[in-house]
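Student: Take a look at the following structure, please.
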Amino acid sequence: MDLIYDPIVRDFIPDPFKNKLALLGEGRHRRGYLSRNSKYVYKVPMMMDGLIDNHREAHVSRVSRKEDFYGGVQFARCRLGPRGILIMEYVKPADWGDDFNPLPAWVGRVDCCQVGHTADGRLVAYDYGNF
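Take the sequence shown: its position 98, counting from 1, is numbered 99 in my numbering, and each next residue is one higher.
In structure tokens, the structure reads:
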């Protein structure tokens, strides 16, 4: 699919990052692209559900900085950009190996344990649109 949902024109348009940035992955509702400086991920909604996920992640990121949210889960920092694109700090997915003992209890609350480390070493959830 080369089209994404654009909330401004309320229609599907060509993906603005296709063949311009490195594609990190594609889920059911969004595509993730790595910024040129490798510090950020752009989560591009491909449909309305992706746009909703982006709004939810931006809200959870903002609220969780001010208060304990969802049992201590730590969330990657992000904000909404133009046209509903989410701009999130890059998180290197954790390499679990066989040792699950040192992980904080909150990791089990994150869908599919989608957590990793930020550039400054924080362990955070990076895909939490369904919280």
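Every residue gets a Cβ at the ideal spot worked out from N, C-alpha and C, and that includes glycine.
What you are looking at is a predicted structure, and each value in this text was computed from that prediction instead of being measured.
Output needed for Val-74: all residues of its chain with C-beta closer than 7 Å, excluding positions within five of it in sequence on either side, in chain order.
Tutor: Trp-107, Arg-110, Val-111, Ala-126
Student: Alpha carbon to alpha carbon, how far is Val-42 from Ser-62? Give it in angstroms, no decimals.
Tutor: Approximately 15 Å between the Cα atoms of the pair.
Student: Can you tell me whether DSSP reads Asp-112 as helix, strand or coil?
Tutor: helix
Student: Can you tell which of Ser-65, Val-45, Lys-93 has its C-alpha closest to the C-alpha of Ile-5?
Tutor: Val-45
Student: Give a yes or no on whether the C-beta atoms belonging to Asn-55 and Gly-85 are separated by under 8 Å.
Tutor: yes
Student: Any idea what DSSP makes of Asp-50, helix, strand or coil?
Tutor: helix
Student: Pop quiz: Asp-3 and Pro-17 are said to be a contact at Cβ under 8 Å. What is the actual Cβ separation, rounded to whole angstroms?
Tutor: With a Cβ gap of about 11 Å, Asp-3 and Pro-17 do not count as contacting.
Student: Run through DSSP, which three-state label would His-95 get?
Tutor: The sequence as given places Ala at residue 95; His does not occur at that position. Correct three-state label for Ala-95: coil.
Student: My output table needs one value for Val-74: the three-state DSSP class, helix, strand or coil.
Tutor: Coil at Val-74, not helix or strand.
Student: Checking 8 Å against the spacing of the C-beta atoms, do Arg-32 and Leu-24 come in under that value?
Tutor: yes
Student: For Ala-138, which residues in the same chain have their Cβ closer than 6 Å to its Cβ, ignoring the five residues on either side in sequence?
Tutor: As displayed, the chain neither begins before 2 nor continues past 132, which places residue 138 out of reach and without an answer.
Student: Determine whether the beta carbon atoms of Leu-104 and Ala-59 lie at a separation below 8 Å.
Tutor: Cβ distance not < 8 Å, so Leu-104 and Ala-59 don't count as in contact.
Student: What residues match up with Ala-126 in a beta bridge as DSSP calls it?
Tutor: Phe-76, Val-116
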